[in-house]
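There are 2 protein chains.
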Amino acid sequence: MPVPLYQAKAEFFRMLGHPVRIRVLELLQTGPTPVRELLADIEIEPSSLSQQLGQLRRAGLVTATREGSTVVYALAGADVADLLRAARRILTELIQDQGVLLAELRASD
Amino acid sequence: MPVPLYQAKAEFFRMLGHPVRIRVLELLQTGPTPVRELLADIEIEPSSLSQQLGQLRRAGLVTATREGSTVVYALAGADVADLLRAARRILTELIQDQGVLLAELRASD
DNA sequence: TCCTTAGTTGCAAATGTCTTCAAGTCGCCG
DNA sequence: CGGCGACTTGAAGACATTTGCAACTAAGGA
Chain C
1 MPVPLYQAKA
11 EFFRMLGHPV
21 RIRVLELLQT
31 GPTPVRELLA
41 DIEIEPSSLS
51 QQLGQLRRAG
61 LVTATREGST
71 VVYALAGADV
81 ADLLRAARRI
91 LTELIQDQGV
101 LLAELRASD
Chain B
110 MPVPLYQAKA
120 EFFRMLGHPV
130 RIRVLELLQT
140 GPTPVRELLA
150 DIEIEPSSLS
160 QQLGQLRRAG
170 LVTATREGST
180 VVYALAGADV
190 ADLLRAARRI
200 LTELIQDQGV
210 LLAELRASD
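Chains C and B are the protein sequences, given in the same order.
Yeah, the first sequence ends on 109 if you go by the working numbering, and it's all consecutive.
Yeah, the second sequence ends on 218 if you go by the working numbering, and it's all consecutive.
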């Protein structure tokens, strides 16, 4: 008996539901990136970033490879990139709409 | 200064990151639905469902309207439906791929 | 070999989220 | 009005996630 689909979905979304993880995934969209660079872009303690990277790794969304003294992360597959692009597009629209909605709500008091 | 986009995204995904909320949203995709019916499809305590519905409401993803003695929920906008469709499609693929991957991993031990 | 830099891991404290139970509101029927 | 069914709300306890410090490993130098 497999994990119900709705539960797999929920887990997946939960994995995306953290600011640091989202930022990492978006940074990786531009190509494989060493930890050092992620660390420079996201202000956070190294150990904390490592924990989040660990989660993404265990979820199979990213891969890590050691290159000399640095570790380089990359998106695990094209699917992941596709999903992120779609999510990004739709969400950007959605949030803009919500912004408009909010503005209307404020205007009508 | 607005909420950073990546944080809004994270919040949004977190909202989708719960099995009950996902199921509710998917049930609502087929049209406005009374609580009674959600309750029949999702096995859960009424008060627990209410809590989750409350979150979806506060997040602006669904709307509630009272009709006589029952309350009917609906998706808040076409955007939400779009996003769910896209998420559903991409995720279904992704999960199938992961399944394949898993099978391969198991086969190669 | 010893030191330093780059990351990761183990934990415990702080925070956040879920579930549940008890109590409350809103319609409706008798 | 009084009571019942359909939901919602508040609050507490259980449970999960996040953070930060300290200890640890791996790779290069000096």
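Think of the CB as a built atom: it goes at the ideal place given N, C-alpha and C, for glycine as much as any other residue.
These numbers come from a predicted model, not from an experiment.
- Less than 8 Å separates the beta-carbon of LEU137 of chain B from that of ALA183 of chain B.
- Among the residues facing chain C, ILE131 of chain B is included, as its CB has a counterpart in that chain under 8 Å away.
- Only those residues of the region 65–84 of chain C whose C-beta falls short of 9 Å from the nearest C-beta of chain B are listed: GLY77, ASP79, VAL80, ASP82 and LEU83.
- Inter-segment contact for the region 119–139 of chain B and the region 158–171 of chain B is present: three or more beta-carbon pairs are separated by less than 8 Å.
- Contact between the region 78–90 of chain C and the region 188–197 of chain B is established, with three or more Cβ pairs separated by less than 8 Å.
- The contact set of ARG14 of chain C on chain B, defined by CB atoms closer than 9 Å, consists of PHE122, ARG123, LEU125, GLY126 and HIS127 in chain order.
- For ILE95 of chain C, the closest Cβ of chain B is nearer than 8 Å.
- Under the 8 Å criterion on CB atoms, ILE90 of chain C is classed as interfacial with respect to chain B.
- Residues of chain B with a Cβ closer than 7 Å to the Cβ of ALA8 of chain C are, in chain order, ILE204.
- Looking only at C:ALA8, C:THR63 and C:GLU45, the smallest Cα-Cα distance to VAL129 of chain B is reached by C:ALA8.
- ALA10 of chain C is positioned such that its CB atom lies closer than 8 Å to that of GLY126 of chain B.
- Within 7 Å of the CB of ALA86 of chain C, the CB atoms of chain B belong to ALA195 and ILE199, in sequence order along the chain.
- In the three-state DSSP reduction, PRO113 of chain B falls in the coil class, being neither helix nor strand.
- Sequence-distant Cβ neighbours of SER48 of chain C in its own chain, meaning closer than 8 Å and more than five residues away, are VAL20.
- The residues ALA183 and ALA185, in chain order, have a CB closer than 6 Å to that of THR172 of chain B in the same chain once the five nearest residues on each side in sequence are set aside.
- For LEU170 of chain B, the secondary structure class from DSSP, reduced to helix, strand or coil, is coil.
- Non-local C-beta neighbours of VAL181 of chain B in its own chain, meaning closer than 6 Å and more than five positions away in sequence, comprise PRO141, PRO143 and THR174, ordered along the chain.
- About 6 Å separates the Cβ atoms of ASP79 of chain C and GLU202 of chain B, confirming a contact at the 8 Å cut-off.
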